[in-house]
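Structure, as structure tokens:
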Amino acid sequence: VQLQASGGGLGQPGGSLKPSCVASGIIFSGNDVGWYRQAPGKQRELVVGVTSGDSKNYADSVKGRFTISRDNAKNTVYLQMNSLKPEDTAVYYCNLKVRRPGYARDYWGKGTLVTVSS
322 VQLQASGGGL GQPGGSLKPS CVASGIIFSG NDVGWYRQAP GKQRELVVGV
372 TSGDSKNYAD SVKGRFTISR DNAKNTVYLQ MNSLKPEDTA VYYCNLKVRR
422 PGYARDYWGK GTLVTVSS
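Each residue of the sequence shown is one higher than the one before, counting from 322 in this note's numbering.
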């Protein structure tokens, strides 16, 4: 199983970026996916998660600015990031959670760096 994130980069305050994450080696649908981020010197934190039933949970810090979406046919999850702030600067990781009776495992991508600066 591999998760490959891309689409980070340099964004300006107030601007937008749209990272994406493609999963291979696993059927995407039926599993929860999400985005986490880790800023320098800080712990990794949840940005947003979406369940297999399309229920979404956003961190308060990104509500109204970020939108997660998933395309099960493409095994891809997207993170539309609008109204960027310098404090959004972090490495963004995609996450896939496999939960079955008696089995639980998390898969992580390598991360994509988002830098918000003028």
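Note that beta-carbon positions come from the ideal geometry of N, C-alpha and C, so glycine has one too. Computed from a predicted model, the values in this text were never measured in an experiment.
Residue i to residue j span [Cα, whole Å]
{"i": "residue 337", "j": "residue 401", "result": "7 Å"}
{"i": "residue 346", "j": "residue 366", "result": "26 Å"}
{"i": "residue 341", "j": "residue 423", "result": "30 Å"}
{"i": "residue 411", "j": "residue 405", "result": "12 Å"}
{"i": "residue 436", "j": "residue 360", "result": "10 Å"}
{"i": "residue 354", "j": "residue 409", "result": "20 Å"}
{"i": "residue 407", "j": "residue 334", "result": "6 Å"}
{"i": "residue 419", "j": "residue 391", "result": "16 Å"}
Residue i classed as buried or exposed, judged by whether at least 16 other C-beta atoms fall within 10 angstroms
{"i": "residue 396", "result": "buried"}
{"i": "residue 331", "result": "exposed"}
{"i": "residue 358", "result": "buried"}
Neighbourhood of residue i by C-beta distance below 7 Å, restricted to the same chain and skipping five residues each side
{"i": "residue 388", "result": "401"}
{"i": "residue 376", "result": "none"}
Residues near residue i by beta carbon distance below 6 Å, same chain, minus five either side
{"i": "residue 393", "result": "349 and 350"}
Other residues of its chain near residue i: CB distance less than 8 Å, five sequence neighbours each side excluded
{"i": "residue 322", "result": "344, 345, 346, 347, 417 and 428"}
For residue i: DSSP bridge partner residues
{"i": "residue 353", "result": "418"}
Original post:
When the Cβ atoms of the segment 380-387 are set against those of the segment 325-333, are three or more pairs found closer than 8 Å?
Top reply: no
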